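Peer 1: Take a look at the following structure, please.
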Amino acid sequence: MTEFKAYRGTESGKIVESTGKVGDIGSSDVLIKLTHAGLCFTDVHFIEAGIVLGHEPVGKVEKTGSDVKHLSEGDVVGYGYVHGSCDTCDECRSGNDTLCPSRQLYGETDTDFGGFGKYAKVNERFVHKIPAGMAPEHAAPLQCAGATVFSPFLKYDIKPIHRVGVIGIGGLGHLALQVANKWGCSVGAFTTSESKADEAKSFGAHDVIVTKRADGESFVPKSDAEKFDFILCTVSGQVPWDQYIDCLKPRGVVIPLGVDFGKFETNRYFSLLARENKVGGSFVATRFEHYKMLEFCARHSIKPAIEMLDLNEENINTAFDRLQKNDVRYRFVLKHSE
């Protein structure tokens, strides 16, 4: 049993310093001493759950189980939102471990598992080596944000000939723009703020669609040539889905990626029918997608824009507060003390 410093949420909404515990590692497990962890808006949903928060962790392997094959002590590694599955059901056998009925998820399986604790025990199947040359502070947000926006490119067979739109220029959106651009797509960014136009282009957008127009005109493109084959919604909330569905080309797909528990409402039933449009889900990344995401980001020098803070009680509460006010460009990373 290993005890360690950790930061967990409380019913009051405050993050407090606490103690976490991890049991002895199994034969296929690794013990990871964490060094950095990104802060994701999904963590906000778990503040009152009393768990050790954080699901974008990176650290070094400190100990390996007797049957561990592909990891060694000292390796820099990360892991994501899903950290276990049965490996025998139809979904697991087909490579869709994220859809396993017995999947082990952040926030549900282990209350002391989060990235804002100093140690984590993880089955080696769900641990990924960080590519050489990738800084751990940049690798951390890729464990969720990067994996989440990369996954649809494989799930939905997005090709370089496609036009891809990204709703929201935030923690997920600024990474989605980079991925779409390096994938070879024509990239459009949807934003409510004209002030973000230049920044969106610096991340890879070829054009920017401002959705709140002073003249009150619709932001929907007038011709199919200007519309999109795929639209990735990266915001954590409901958007005017009717208008975004109107922005799709025939057979186009809108893919919600941000976590929200509100109603999905649309009056575009006939559009979905007559133009063969689709709404498609994408729940984080499978192990294969996660591995390929890290490889792709390393090859193309894709990295998040971060603000790094030392991990302590004051800073983590400040980061959560600012995140909920959209006061970060674009991802907080908390650095563990040695």
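Those letters in the sequence shown? Residues 1 to 338, per UniProt numbering, in order.
For each residue, glycine too, the CB sits at the ideal point set by N, CA and C.
Computed from a predicted model, the values in this text were never measured in an experiment.
1) Could you check the C-alpha separation between E226 and G262 for me, to the nearest Å?
2) Can you tell which of G173, L309, F190 has the C-alpha that lies nearest to the C-alpha of T258?
3) Following the continuous alpha helix (DSSP H) through F270, name the residue where it begins and the one where it ends.
4) DSSP on H300, reduced to helix/strand/coil?
5) Excluding five sequence neighbours on each side, which residues of the same chain lie with their C-beta closer than 7 Å to the C-beta of K196?
6) What is the DSSP secondary structure of Q178, counted as helix, strand or coil?
7) Answer yes or no: the CB of V239 versus the heavy atoms of the ligand MG, is any distance below 6 Å?
8) From Y81, H300, T2, A49, pick the residue whose C-alpha is nearest to that of K182; which is it?
9) Is there contact between the region 60 to 76 and the region 119 to 129, where contact requires at least three CB pairs shorter than 8 Å?
10) If the criterion is Cβ atoms closer than 7 Å, does the pair F228 and G252 meet it?
11) How is Y119 classed by DSSP in three states: helix, strand or coil?
12) Tell me whether F288 sits in a helix, a strand or coil according to DSSP, three-state version.
13) Which ranges does the alpha helix (DSSP H) cover as unbroken runs of at least 4 residues, wholly within the region 190 to 217, from first to last along the chain?
14) Shortest alpha-carbon distance to A200 belongs to which of F219, G184, V166, K222?
15) In this structure, how does DSSP classify K159 when only helix, strand and coil are distinguished?
16) Going by CA-CA distance only, name the one from V149, Q178, A140, C185 that's closest to H162.
17) Counting pairs of beta carbons, one from the region 99 to 106 and one from the region 67 to 85, are three or more of them closer than 8 Å?
18) Within a Cβ cutoff of 8 Å, which residues of the same chain sit near T191, ignoring the five residues on either side of it in sequence?
19) Have a look at the DSSP bridge pairing and note the partners of C185.
20) Less than 7 Å separating the beta-carbons of I32 and V76?
21) Quick one, are the C-beta atoms of A147 and H45 less than 7 Å apart?
22) Contact criterion: CB-CB distance below 7 Å. Does E199 meet it with respect to chain B?
23) State the Cα-Cα distance for the pair S223 and L248, rounded to the nearest angstrom.
24) Might you give, ordered along the chain, the residues of its own chain that have their beta carbon closer than 8 Å to the beta carbon of C233, omitting 5 neighbours on each side?
25) Identify the continuous beta strand (DSSP E) that holds I306 and give its terminal residues.
26) Would you call the CB atoms of K118 and K5 closer than 7 Å?
27) Leaving out the 5 sequence neighbours to the left and right, which residues in its chain are closer than 7 Å to L177 when beta-carbon positions are compared?
28) I'd like the list of long-range same chain contacts for N315, defined as Cβ closer than 6 Å, with 5 residues on each side in sequence excluded.
29) Along the chain, where does the alpha helix (DSSP H) containing F41 start, and where does it finish?
30) Using the DSSP secondary-structure output, state which residues sit across from K21 in a beta bridge.
31) Report the rounded CA-to-CA distance for T35 versus D242, giving the unit in angstroms.
32) Could you check if A285 is buried or exposed, using at least 16 other CB atoms within 10 Å of its CB as the buried criterion?
33) If you drop the 5 nearest sequence neighbours on each side, which residues of the same chain put their C-beta closer than 6 Å to that of I47?
34) Taking the straight line between their C-alpha atoms, what separation do you get for P160 and F153?
35) Between which two residues does the beta strand (DSSP E) carrying T64 extend?
36) Taking L248 as part of the beta strand (DSSP E), name the residues at either end of that continuous run.
Peer 2: Taking the geometry as given:
1) 30 Å
2) In the sequence under discussion, the amino acid at residue 258 is Gly, which differs from the Thr named in the question. For G258, the nearest C-alpha among the options comes from G173.
3) 269 to 274
4) coil
5) I169
6) helix
7) The ligand MG is not part of the structure shown, which contains no ligands of any sort.
8) H300
9) yes
10) Judged by beta-carbon spacing, G252 lies within the 7 Å limit of F228, meaning their Cβ atoms are closer than that value.
11) Reduced to three states, the DSSP call for Y119 is strand.
12) Of the three classes helix, strand and coil, the one that applies to F288 here is helix, per DSSP.
13) 197 to 202
14) Nearest option by C-alpha distance: V166.
15) coil
16) The shortest Cα separation from H162 among V149, Q178, A140, C185 belongs to C185.
17) yes
18) G168, I169, A197, A200, V208, I209, V210, T211
19) None, per the DSSP bridge assignment.
20) no
21) no
22) Of the protein chains in the structure, only one exists, and it is not chain B.
23) 10 Å
24) I167, G168, V239, Y244, V254, I255, P256, L257, G258
25) 306 to 310
26) yes
27) Contacts found: V166, V187, A189, A200, F203, G204, A205.
28) L309
29) 41 to 44
30) E3
31) 43 Å
32) Taking a 10 Å sphere around the C-beta of A285, we find 16 or more other C-beta atoms and assign the residue as buried.
33) G9, G13
34) 10 Å
35) 56 to 64
36) Taken as a continuous stretch (DSSP letters only), the beta strand (DSSP E) holding L248 covers 248 to 256.
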